[in-house]
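Here is the structure we will look at.
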Amino acid sequence: MDARTSRRFKSRLAVCLFASVSGGVLCLPLRAQEPQPTPETQQAIPFEAPKPDRPTAKERDVSWRTLPRNFFQDQKEIWLFPTQLAKGRHWLPVVGVAGATAILIAADGHDTPYFRRTRSFEGFNDVFSGRITGAGIALVPVAFLVGGHFRKDSYAEKTALLAGEAYANGAVMEIALKMATRRLRPSDIPPGGNFSDTFFDSHKSVLGNNTSFPSGHTTAAFAVATVFSHRYRQHRWVPWVAYGTAAAVGFSRVTLQSHFPSDVFLGAALGYSISKFVVLRPR
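In this text, residue positions in the sequence shown follow the numbering used here: the first is 154, and each later residue adds one.
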């Protein structure tokens with residue numbers, strides 16, 4: 154098998170991997186999050202009405218009709234988040250993410266050159282190329298949307314719409330940060346160049362889509378993975394597969410010299426936070 158045939162086989166293998174993951178989940182009876190109580194259980198457990206001072210929160214309803222309204226509501230919450238900090242809320246996780254990102258930025262000039270020199274990840278890079286991972290991230294929600302429609306599975310359809318909503322919210326934040334920071338990609342730095350002085354130096358695009366900070370692939374991967382991990386958490390293997398695949402996508406952005414480790418970390422934090430605390434937050 155020559156090199157070209159080998160790369161083509163690996164590319165097809167990666168696409169099949171994403172398809173098999175989404176198809177395998179669709180084949181499971183993934184309807185309800187919690188098992189329905191049996192008649193015996195209902196008799197054993199007395200009925201308790203919700204207390205007036207403690208209203209029961211429920212997940213946001215999502216449909217094609219409500220999707221635009223939900224998206225704009227999400228954006229309002231995201232951009233007004235600094236007001237929550239001004240009230241003294243959420244400081245611990247924000248400081249933690251900011252501190253970890255700052256440490257990784259300081260280390261980028263030391264660890265990133267290794268991935269330029271090594272040839273250890275050539276096979277991995279063929280399988281997790283930018284085009285393949287981008288297509289795979291989109292394929293999973295699309296597969297659930299189509300499969301749920303034909304199987305009359307509204308839960309799968311709503312999961313796909315929530316994943317798309319999280320994806321779109323993450324993309325807006327990613328583009329805004331890239332436009333603001335204009336960080337060079339590792340592949341933009343010439344041989345012998347400085348990997349430590351990379352911010353505000355990229356002028357390839359007005360929208361900043363060719364800049365580095367944060368990683369868009371990683372943001373999207375963790376946004377989608379968090380939605381599916383939450384919605385199908387009763388299957389213990391789903392979070393492992395979802396987050397494991399998202400982590401592999403993030404690592405590939407480093408080995409491909411498309412992003413620094415700090416870009417990937419912040420992208421993962423953004424994708425997870427937007428899905429967990431905005432899109433999936435009970436209303």
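Even glycine gets a Cβ: it sits at the ideal position worked out from N, Cα and C. Fair warning: this is a prediction, and the values are worked out from it, not measured in the lab.
Here's the rule: buried if 16 or more other CB atoms are within 10 angstroms of the residue's CB, otherwise exposed. What is residue i?
i    : result
S405 : buried
E327 : buried
D214 : exposed
S275 : According to the sequence provided, residue 275 is Glu. The question's Ser does not apply to it. That one is exposed.
G252 : exposed
Y267 : exposed
K211 : exposed
H263 : exposed
A309 : buried
V248 : exposed
S273 : exposed
T265 : buried
F418 : buried
L245 : exposed
N223 : buried
Q338 : Inspection of the sequence shows that residue 338 is occupied by Arg rather than by Gln. Classification of R338: buried, given that the 10 Å Cβ count is 16 or more.
S307 : exposed
P344 : exposed
A259 : exposed
L233 : exposed
K331 : buried
T271 : exposed
G346 : exposed
Between which two residues does the alpha helix (DSSP H) containing residue i stretch?
i    : result
G262 : W244 to R270
P392 : W390 to T408
G323 : S307 to T334
H302 : G283 to F303
S382 : G369 to R384
F277 : E275 to V280
W232 : L220 to W232
G346 : Here G346 belongs to no alpha helix (DSSP H), and DSSP marks it neither H nor E.
F418 : P414 to I427
Between the options, which lies nearest to residue i when the distance is taken from Cα to Cα?
i    : options                   : result
A255 : P392, L409, S349 and T398 : S349
V250 : A422, R222 and D227       : A422
N278 : L409, E230, P435 and I290 : L409
R434 : R222, S415 and E230       : E230
G341 : V280, R269, G283 and S216 : Just to set this straight, residue 341 is Asp in the shown sequence, not Gly. When each option's Cα is compared against that of D341, the closest is R269.
D261 : K429, V432 and V407       : V407
K429 : R389, T398, F375 and D416 : F375
I290 : L330, N347, A373 and R304 : A373
H437 : R389, R304 and S282       : Beyond the ends of the chain as shown, which are 154 and 436, falls residue 437; an answer cannot be given.
A333 : F366, A401 and G287       : F366
T398 : T371, Y320, R218 and F303 : T371
G369 : S415, G300 and R218       : S415
Y320 : A329, R304, P294 and V299 : P294
G403 : R242, T286, L292 and R304 : T286
Tell me which residues share the same chain as residue i and place their Cβ nearer than 7 angstroms to its Cβ, disregarding the 5 neighbours each side in the sequence.
i    : result
S426 : none
G176 : Because G176 carries a pLDDT of 43, less than 50, the predicted location of this residue cannot be relied on, and no value is offered for it.
L220 : L314 and E318
H302 : E310
Counting contacts by CB-CB distance shorter than 9 angstroms, is residue i in contact with chain B?
i    : result
T219 : Of the chains in the structure shown, none is chain B; there is only one protein chain.
Using C-beta distances below 6 angstroms, list every residue in its chain close to residue i, excluding the 5 sequence neighbours before and after it, in chain order.
i    : result
F162 : Per-residue confidence for F162 stands at a pLDDT of 46, beneath the threshold of 50, marking its modelled position as unreliable; no derived number is given.
G420 : P367, S368, T371 and T372
H446 : With the chain running from 154 to 436 in the structure shown, residue 446 is simply not present.
Kindly list the residues whose CB is nearer than 8 angstroms to the CB of residue i, restricted to its own chain and excluding five residues on each side of it in sequence; keep chain order.
i    : result
R335 : F352, F353, D354, S355, H356, G361 and T364
S216 : K311 and L314
D227 : E318, N322, I427, V431 and V432
May I ask you to verify whether the region 373 to 382 touches the region 304 to 324, counting CB pairs closer than 8 angstroms and requiring at least 3? Touching, yes, given that three or more Cβ pairs across the two stretches are closer than 8 angstroms.
Is it true that the region 384 to 392 meets the region 362 to 373, where meeting means three or more beta-carbon pairs spaced less than 8 angstroms apart? no
Check whether the region 390 to 400 and the region 232 to 245 are in contact - that is, three or more C-beta pairs closer than 8 angstroms. no
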